[in-house]
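Novice: Let me begin by handing over the structure; questions about it come next.
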């Protein structure tokens, strides 16, 4: 490899490394602890084992959160983009909400949830009304990683789950 190419690759790698905040920087004020305990408290309530935090999922979530912040739009990534991981999204006005508010929004869907075979798991008949909640309590899910990015007007939270939940034809109960 010639020296110019080596230097270009080295500089690009360094720029990427230093531009992306570390997971520790995302953990400002207990971010990781609060989100993980929010997930695991609900899983414990329904008799499921706790999720483990995944730095890999958190990094992937951060990359997507950055994209959402740049675009200013809340939308799911494709299954391919997220490596078939599950995904929960939330957005709120910059600085107005705490992460506990995002967890509360996900968990508020519990009141519409009914045990059943997915997608017949909502009292309203629309599984999207409980999709965040069912991902959190999906029995086969073992890992979670979340990240936050700030856009012009909104904070964007992305949580990724492995393995993904909300699988058509599988039973879920609480």
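Residue numbers (mature numbering (1 follows the signal peptide of the UniProt record, and there is no 0)): -24 to -1, 1 to 150. Using N, Cα and C, we set each Cβ at its ideal position, and we do this for glycine too.
Going along the chain, which unbroken runs of the beta strand (DSSP E) with 3 or more residues stay wholly within the region 35 to 106?
Specialist: For the region 35 to 106, whole beta strand (DSSP E) runs of length 3 or above, ordered along the chain, are 62 to 69.
Novice: Please classify residue 128: does DSSP put it in a helix, a strand, or coil?
Specialist: Counted from its first residue, the chain shown places residue 128 at position 152. Three-state result, residue 128: coil.
Novice: Per DSSP, residue 109 is paired with what?
Specialist: Here the question's residue 109 lines up with position 133 in the chain shown. According to DSSP, residue 109 bridges with nothing at all.
Novice: Expressed to the nearest angstrom, what Euclidean distance is found between the alpha-carbon atoms of residue 137 and residue 112?
Specialist: For the purposes of this step, residue 137 is taken as the residue at position 161 of the chain shown. For the purposes of this step, residue 112 is taken as the residue at position 136 of the chain shown. Computed Cα separation, rounded: 8 Å.
Novice: Quick one: does residue 13 have its CB under 8 Å from some CB of chain D?
Specialist: Structure shown: chain D not included; a single protein chain is present.
Novice: Relative to the C-alpha of residue 24, which candidate in 48, 71 and 110 has its C-alpha closest?
Specialist: Residue numbering aside, residue 24 sits at position 48 when the chain shown is read from its first letter. Among 48, 71 and 110, the Cα nearest to that of residue 24 belongs to 110.
Novice: Cβ atoms of residue 121 and residue 62: under 8 Å apart, would you say?
Specialist: Within the chain shown, numbered from 1, the residue matching residue 62 stands at position 86. Within the chain shown, numbered from 1, the residue matching residue 121 stands at position 145. No, the Cβ-Cβ distance between residue 62 and residue 121 is not below 8 Å.
Novice: Ordered along the chain, which non-local residues of its own chain (more than five positions away) have a Cβ less than 7 Å from that of residue 108?
Specialist: Locating residue 108 in the chain shown gives position 132, counting from the first residue. Around residue 108: 64, 82 and 85.
Novice: Between the region 27 to 35 and the region 6 to 18, do at least 3 Cβ pairs fall closer than 8 Å?
Specialist: Yes, since at least three Cβ pairs between the region 27 to 35 and the region 6 to 18 fall closer than 8 Å, the two stretches touch.
Novice: Considering only residues of the same chain and omitting the five flanking positions on each side of residue 125, which have a CB-CB separation below 6 Å?
Specialist: Along the chain shown, one-based indexing puts residue 125 at 149. Closer than 6 Å at the Cβ level, and outside the excluded window around residue 125, lie 41, 42, 45 and 132.
Novice: Does DSSP put residue 27 in a helix, in a strand, or in coil?
Specialist: For this step, residue 27 is matched to residue 51 along the chain shown. Note: residue 27 maps to coil in three-state DSSP.
Novice: Looking at the structure shown, is residue 154 part of a helix, part of a strand, or coil, going by DSSP?
Specialist: The shown model of the chain, from -24 to 150, leaves out residue 154, and the question about it has no answer.
Novice: Which residues share a DSSP beta bridge with residue 134?
Specialist: Residue numbering aside, residue 134 sits at position 158 when the chain shown is read from its first letter. Answer is 65 and 123.
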